[in-house]
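Student: I have a structure I would like to understand better, so I am pasting it below and will then ask my questions one at a time.
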Amino acid sequence: MMDRQQVLDVLQTVQDPFLHKNLAETKALKQLSADGERVALEVALSKQDKVKQMQIQVEISSKLKEKGAKAVSVQFTVLRNEEIRQLGGFPVKLPTLLSPGVKTQFISVASGKGGVGKSTVSVNLALGMARQGKKVGLLDADIYGFSVPDMMGIEKRPAIKDERIIPVERFGIKVISMGFFVENNSPVIWRGPMLGKMLNNFFNDVYWGDLDYLLLDLPPGTGDVAMDIHFKLPHSKEIIVTTPHPTAAFVAARAGAMATHTKHEILGVIENMAYYKKQKNG
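If you count the sequence shown from 1, position 226 lands on 226 in UniProt numbering, and the numbers rise without skipping.
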């Protein structure tokens, strides 16, 4: 019959994969039942991860069987936050783009109406900056009408590391878009509060690293997302995109008025599709 000390000796050779300490050191053994050659134990890890749990279950079972157990049952639970903290398990929180002291410059690309080429301008501007050696991020903030992944030919999804989203990198630009989180070009059917929550995730849950510039491709108009951006980023600068069409220019003036109202510096106005070049005679 196996006793508690024999089980602890085994746990001393098995590590918590997140704390990098052995399971005896983390006091992971929460319950133990030994009935003859049958052993059942409950082990607490610092995080719930099915793959890691399966690996540890196999490791514990094989080592206990080497010591004479015939049947081993391992159940898992999670350490309390206080226990994890005492073990030094909470990593230093990495700064986000909204943390004090972050030197990233924000440039919002806005328009009054859709279809004026705002996303095209955002992508080309990001490419131009990256070619000049700048560290550039591009946030596709058009939650409903995301198009940046398709424009840039991005097919893979962001990775997750240490509970932070890692942007997809393309042409030297770090990119995040709602398009990475929906399947098969599905529509996003959300109301305003959900939009604000997603924006918070893009700023606080994405590890952008050290950026010189973050370009924000805003949705057209002066709706919820544009308003949230204006108040979250009081020092953001803006570029207004329009076309020669009188209606586009008329509506673009509203986007400019909103920037002025929230004290965002307007870097300039881009008149897209200003002329048409004929193929034959230029």
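Just so you know, even glycine gets a beta-carbon here, dropped at the ideal spot from N, CA and C.
A quick note: this is a predicted structure, and the numbers were derived from the prediction, not measured.
Mapping the DSSP letters down to three states, classify Q86 as helix, strand or coil.
Tutor: Residue state, collapsed to three classes: helix.
Student: Helix, strand or coil, according to DSSP, for D9 in the structure here?
Tutor: Helix at D9.
Student: So the candidates are E238, H245 and A248; which of them puts its Cα closest to the Cα of K263?
Tutor: The candidate whose alpha carbon is nearest that of K263 is E238.
Student: In the DSSP assignment, find the unbroken alpha helix (DSSP H) run with G128 in it and report its ends.
Tutor: Its alpha helix (DSSP H) spans residues K118 to R131.
Student: Report buried or exposed for H235, applying the criterion of at least 16 other Cβ atoms within 10 angstroms of its Cβ.
Tutor: Result: exposed.
Student: Please determine, among E82, N272, L199 and F202, the residue with the shortest C-alpha to C-alpha distance to H245.
Tutor: The shortest Cα separation from H245 among E82, N272, L199 and F202 belongs to N272.
Student: Beta-carbon within less than 7 Å of V251's beta-carbon, same chain only, minus the 5 sequence neighbours each way: which residues are those?
Tutor: The answer, listed in chain order, is G112 and K113.
Student: Under three-state DSSP, which class holds E271?
Tutor: Residue state, collapsed to three classes: strand.
Student: For my contact list, P220 and A141 are in at a C-beta cut-off of 8 Å; report their separation, rounded to the angstrom.
Tutor: Actually they are not in contact, since the Cβ atoms of P220 and A141 sit about 11 Å apart, beyond 8 Å.
Student: Would you be able to state if there are at least three C-beta pairs under 8 Å between the region 74-81 and the region 3-14?
Tutor: Counting Cβ pairs under 8 Å, fewer than three are found: no touch.
Student: Is the CB-CB distance between A126 and I240 below 7 Å?
Tutor: Not closer than 7 Å, so no.
Student: By a C-beta neighbour count over all protein chains shown, 10 Å radius and 16 as the cutoff for buried, is F146 buried or exposed?
Tutor: Buried.
Student: Using the C-alpha atoms, what's the distance from V43 back to I84?
Tutor: If you take the alpha carbons of I84 and V43, they lie about 14 Å apart.
Student: I need the straight-line Cα distance from K21 to V175, nearest angstrom please.
Tutor: Whole-angstrom Cα-Cα distance: 36 Å.
Student: Provide the residue(s) that pair with V175 in DSSP beta bridges, ordered along the chain.
Tutor: Answer is L138 and V168, bridged to V175.
Student: Starting from T260, trace the beta strand (DSSP E) both ways and give me its first and last residue.
Tutor: It is not in any beta strand (DSSP E) - T260 instead sits in the alpha helix (DSSP H) that spans P246 to H261.
Student: Name the DSSP beta bridge partners of T242, please?
Tutor: DSSP output for T242 lists E271 as bridge partner(s).
Student: Please check the pair V136 and Y213, which I expect to be a contact at CB under 8 Å, by giving their CB distance rounded to whole angstroms.
Tutor: Confirmed, Cβ separation roughly 5 Å.
Student: Mind checking who V206 pairs with in its DSSP beta bridge?
Tutor: V206 is bridged to I165.
Student: Using the three-state DSSP reduction, which class does I266 fall into: helix, strand or coil?
Tutor: Strand.
Student: Could you tell me if L98 is buried or exposed, where buried requires 16 or more neighbouring beta carbons within 10 angstroms of its beta carbon?
Tutor: Answer is exposed; the Cβ neighbour count stays below 16.
Student: When the Cα atoms are used, what is the spatial distance from K156 to F203?
Tutor: If you take the alpha carbons of K156 and F203, they lie about 20 Å apart.
Student: Taking the continuous beta strand (DSSP E) assigned at F231, which residues delimit it?
Tutor: Careful: F231 lies outside any beta strand (DSSP E), inside the alpha helix (DSSP H) at D224 to K232.
Student: Report yes or no: is there a C-beta of chain D within less than 7 Å of the C-beta of F181?
Tutor: Here chain D cannot be found, since the structure has a single protein chain.
Student: Report buried or exposed for T247, applying the criterion of at least 16 other Cβ atoms within 10 angstroms of its Cβ.
Tutor: Exposed is the call here.
Student: Please check the pair D217 and S119, which I expect to be a contact at CB under 8 Å, by giving their CB distance rounded to whole angstroms.
Tutor: Confirmed, about 5 Å.
Student: If we ignore side chains and look at the alpha-carbon of each, how far apart do A40 and S61 end up?
Tutor: Rounded to the nearest angstrom, the two C-alpha atoms are 10 Å apart.
Student: Mind checking who Q105 pairs with in its DSSP beta bridge?
Tutor: Its beta-bridge partners are Y213.
Student: Going along the chain, which residues of its own chain have a beta-carbon closer than 6 Å to the beta-carbon of S122, five neighbours each way excluded?
Tutor: Taken in chain order, the residues that qualify are V109, L215 and D217.
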